[in-house]
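Trainee:
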Amino acid sequence: MTDTTIRKSVFLAADKPRVWEFLTKADMLGKWFHPAKEDLVEGQEYTLTSQKDGDRMCWGSVEAATPHDYMKWSFTVGPLAGAMTVVEWLLEEAPGGTRLTLTHSGLPDSGEGYGLVMALDKGWHGFLSNLHDME
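Residue numbers for the sequence shown follow UniProt numbering, so the first one is 1 and each next one is one higher.
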C-alpha cells in the first residue's frame, strides 16, 4: 500500500447534522451505501454488509469522529486481503447545504492493484451520487 488516493466531493442540499446522520446511523447507511449492523462510533469496529444477501462487504474501525465535521475509518474489502486503507470524511458548510469530501488513501499502486483502485473509484462515485437522493 502507498499514497495512491481517491478524492471526491459532492455538494448536498442538507445541513451538516443531516449529512452526518447518513454517515453514522446504521439505518441511514444502508440507504446510500451498505447496511451497517450498528451505528458507527469512534473507537468501535464496524461491518457493512451486502443489501442482497447480508454478506460482509467492508469493515474496519472508526478511528476518529468529530460530529458534523470529520470522520476517519480504517477500511478494507475482500480484494484487499485484509490490508487496511484509510477513508476520511470532511463536512464543510456550503451555500444551501454541505460539501462532503471523501479521501480514500493507502490504496495499492501496483499494476495488479490498479483494477481494484478503478473499481473503488467507480464505487465511491456511485455511492456519493446516491446521497443526492437522500437529502
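Just so it is clear, CB atoms sit at the ideal spot from N, CA and C, and this is done for glycine as well.
The structure presented is a predicted model; accordingly, all values stated were derived computationally and were not measured.
(1) Please classify H104: is it buried, with 16 or more other beta-carbons within 10 angstroms of its beta-carbon, or exposed?
(2) Alpha carbon to alpha carbon, how far is K31 from V117?
(3) If you follow the alpha helix (DSSP H) that M28 is in, where does it begin and where does it stop?
(4) For a test of your reading of the model: does the CB of K52 fall under 8 Å from any non-hydrogen atom of the ligand ATP? Yes or no.
(5) For the region 8-89, list the beta strand (DSSP E) runs that are entirely contained and at least 3 residues long, ordered along the chain.
(6) So is T24 buried or exposed if we call it buried at 16+ other beta carbons inside 10 Å?
(7) Quick one: using the 10 Å Cβ neighbour count with 16 as the cut-off for buried, is A119 buried or exposed?
(8) Within the 9 Å Cβ cut-off, does P108 reach chain B?
(9) P35 to M28, Cα distance in whole Å?
(10) Can you list the alpha helix (DSSP H) stretches of 4 or more residues lying completely in the region 88-130, in chain order?
(11) Tell me whether T66 is buried or exposed, calling it buried when 16 or more other Cβ atoms sit within 10 Å of its Cβ.
(12) Report yes if the C-beta distance between L100 and T85 is below 9 Å; otherwise report no.
(13) DSSP has T4 in a bridge; who is on the other side?
Mentor: Working from what's here:
(1) buried
(2) 24 Å
(3) 26-32
(4) Ligands in the displayed structure: none, and consequently the ligand ATP is not present.
(5) 45-49, 56-66, 70-77
(6) buried
(7) exposed
(8) Protein chains in the displayed structure number just one, and chain B is not present.
(9) 8 Å
(10) 114-130
(11) exposed
(12) no
(13) L107
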